[in-house]
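Read through the structure below, which is laid out as structure tokens, and then see the notes.
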Amino acid sequence: MESFYENFRNSTFNSEPVRYFSDIYESCRAGFINEIGHIAHFYSRIKINYCSLHCFYGDNLLIDYACLYPAEPKNLIILTSGVHGIEGFTGSAVQRMFIREIIQKIDTRKTGCLIIHGINPWGMKHFRRVTVNNVDLNRNFDTSIKLFTKFNCGYAKLNKLLNPNSKVNKTNAHFGYFILAAIFNLINCKKSLLRQAMLEGQYSFPKGIYFGGNSFECQKDILQKLIIEKVKNYEKILFIDLHTGYGPWGKLQIFGTKTKNKSYKDYISSVFKNQKIDWPEDKKFFSNKGDLCVLVSDIVKDKVLIPVCFEYGTMKNDTVFGLLKSLHTVILENQGFHNGYTDNRLKRRVKKLYRELFYPSSAEWKQKIIEQSRNVLSDSCGNLELLF
Ligand SMILES: [Zn+2]
304 MESFYENFRN STFNSEPVRY FSDIYESCRA GFINEIGHIA HFYSRIKINY
354 CSLHCFYGDN LLIDYACLYP AEPKNLIILT SGVHGIEGFT GSAVQRMFIR
404 EIIQKIDTRK TGCLIIHGIN PWGMKHFRRV TVNNVDLNRN FDTSIKLFTK
454 FNCGYAKLNK LLNPNSKVNK TNAHFGYFIL AAIFNLINCK KSLLRQAMLE
504 GQYSFPKGIY FGGNSFECQK DILQKLIIEK VKNYEKILFI DLHTGYGPWG
554 KLQIFGTKTK NKSYKDYISS VFKNQKIDWP EDKKFFSNKG DLCVLVSDIV
604 KDKVLIPVCF EYGTMKNDTV FGLLKSLHTV ILENQGFHNG YTDNRLKRRV
654 KKLYRELFYP SSAEWKQKII EQSRNVLSDS CGNLELLF
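First residue of the sequence shown: 304, per the numbering used here; consecutive thereafter.
Structure, rendered in structure tokens:
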């Protein structure tokens, strides 16, 4: 493994924002490791390692992480990418930018970093959000196995609409057809049903969309152990989980976490001073069940903890139409994965739509993402140091 790390430490760097992005999982890993090699002089000690996913993964699909240890530990910034595999390409790019551009601005005497790369490497490699077991990891993180006994009644009623049991064909790939089917299914249902179906994830249909699993994926134990161990010596922790998908095209939205800590809202507004914070309960496509930020707030005790999710929007608009369009794309991709397609042209079209939904190809989009991340991360890391 060491030789893999060594090979990438001397490659050249281009400062153009788009150059932080790579479309290949292995190149993302290599780019991440390469960046760490460039900042060694800022820290008294740096450790690069990887977590082996012993369960089902092969082909060097690993979770890499870098620990940057300060001489006088006080603040810790944790930055995670790839909980939803395909979203990891953008997360990886933001992490690389952070290492290259932000670390030189922070007080590395007192502020450490834990940067965890590609939490769902299989999903990244195969351009899917879910794991090899079709599990949406952000519905799978919790401290109790009771999570898996939850029954999503709304989802069960809409299962046929959400998970058609046939190959993707020209009819069901047509958006107009989907809208009609959705109206037909929802006509006798409460308006809240679709919302519940999507908000809560589900634990009953293993091949369905938003499946949270029947047990914990191996990532849960790995991350729990790693985070508990690494936060030990710090007082204040800023935890940022990077995602893409919902929200207006090219816009960074910051989502707060529902926690029991009453001071959390004060901390978050002190750290993200000029930024608007969205809350999961206000937004339709978000759930708290099984969320990594919620798990972190449950396992990190007696610290000032600020867990947030950065969501980079990819939709042309933020309307109900846009949300239904993205839902249709998620359904088709999942249907195609499990049941196949009637022809290859259709397969290419659905895969392209899906990719644009979670990893847009536009250079302008990538530039906007990096610029906003640069601004927000510079300010918030500085504010964390000033807190108290
Ligand atoms: Zn996501």
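A virtual CB, placed ideally from N, CA and C, is assigned to each residue, including glycine.
Of the residues the options, the one placed nearest residue i, counting alpha carbons only
i, options, result
"Y537", "K350, P320 and L417", "L417"
"Q527", "Q578, V599 and P509", "V599"
"K413", "P373, G550 and K619", "P373"
"D682", "H429, K408 and L464", "K408"
"T446", "D410, N436 and D594", "D594"
"Q556", "I571, K576, I580 and K565", "I580"
"N363", "A333, R442 and L630", "A333"
"N466", "K453, T411, F481 and K473", "F481"
"L450", "K523, I402, V321 and H344", "K523"
"E319", "G559, G457, R403 and L608", "R403"
"F613", "P583, G625, G639 and T452", "P583"
"R658", "F392, C354 and C370", "F392"
"Y549", "K592, P610 and L626", "L626"
"L529", "N647, Y513, S355 and T474", "S355"
"P509", "I486, A476 and N436", "N436"
"N455", "S347, Q505 and K563", "Q505"
"V633", "D544, S665 and F430", "F430"
"P610", "M618, V597 and K604", "V597"
"T434", "C521, F487 and K473", "C521"
"I543", "V574, F335 and P376", "V574"
"K377", "V607, W668, A459 and M618", "V607"
Cα-Cα separation, residue i to residue j
i, j, result
"L635", "H641", "10 Å"
"K568", "E674", "26 Å"
"N468", "A484", "14 Å"
"K628", "E390", "18 Å"
"Q299", "S395", "What is shown of the chain runs 304 to 691, which leaves residue 299 out entirely."
"T622", "T547", "17 Å"
"M400", "H341", "12 Å"
"E532", "K565", "25 Å"
"C370", "V653", "39 Å"
"R677", "L489", "42 Å"
"E329", "I349", "22 Å"
"Q499", "S347", "49 Å"
"S572", "L687", "11 Å"
"R322", "Y353", "24 Å"
"K470", "G643", "5 Å"
"F691", "K576", "15 Å"
"L649", "S507", "29 Å"
"G511", "N637", "7 Å"
"I448", "I540", "27 Å"
"I672", "K563", "31 Å"
"A343", "K619", "40 Å"
Per DSSP, the bridge partner or partners of residue i
i, result
"E614", "H546 and Q556"
"C370", "K350 and L417"
"Q505", "F514"
"K539", "N378 and V607"
"L365", "S355"
"Y278", "With the chain covering only 304 through 691, there is no way to say anything about residue 278."
"L383", "Residue 383 is actually Thr in this sequence, not Leu. Note: T383 sits in a beta bridge opposite I419 and D544."
"P551", "M618"
Heavy atom of ligand 2 within 6 Å of residue i beta-carbon
i, result
"H387", "In the structure shown, ligand 2 is absent; the only ligands present are ligand 1."
DSSP state of residue i mapped onto helix, strand, coil
i, result
"V607", "strand"
"V471", "strand"
"S355", "strand"
"N686", "helix"
"I580", "strand"
"V438", "coil"
"T315", "Low confidence applies here, because T315 scores a pLDDT of 48, under 50, leaving its location unreliable and the question unanswered by this model."
"N443", "coil"
"E532", "helix"
"D524", "helix"
"I409", "coil"
"I339", "helix"
"P320", "helix"
"A476", "coil"
"K671", "helix"
"I490", "coil"
"F454", "coil"
"H756", "The structure shown has nothing for residue 756, since the chain only spans 304 to 691."
"L569", "Looking at the sequence provided, one finds Asp at residue 569 rather than Leu. In this structure, D569 counts as helix in the three-state DSSP scheme."
"V433", "coil"
"R677", "helix"
"T393", "helix"
"G593", "coil"
Whole-number beta carbon distance between residue j and residue i, since they are thought to touch under 8 Å
i, j, result
"L496", "L461", "7 Å"
"L680", "I405", "5 Å"
"G616", "G553", "7 Å"
"G421", "I339", "The Cβ separation is near 14 Å, so there is no contact."
"G388", "N423", "4 Å"
"V397", "L545", "6 Å"
"L379", "G415", "5 Å"
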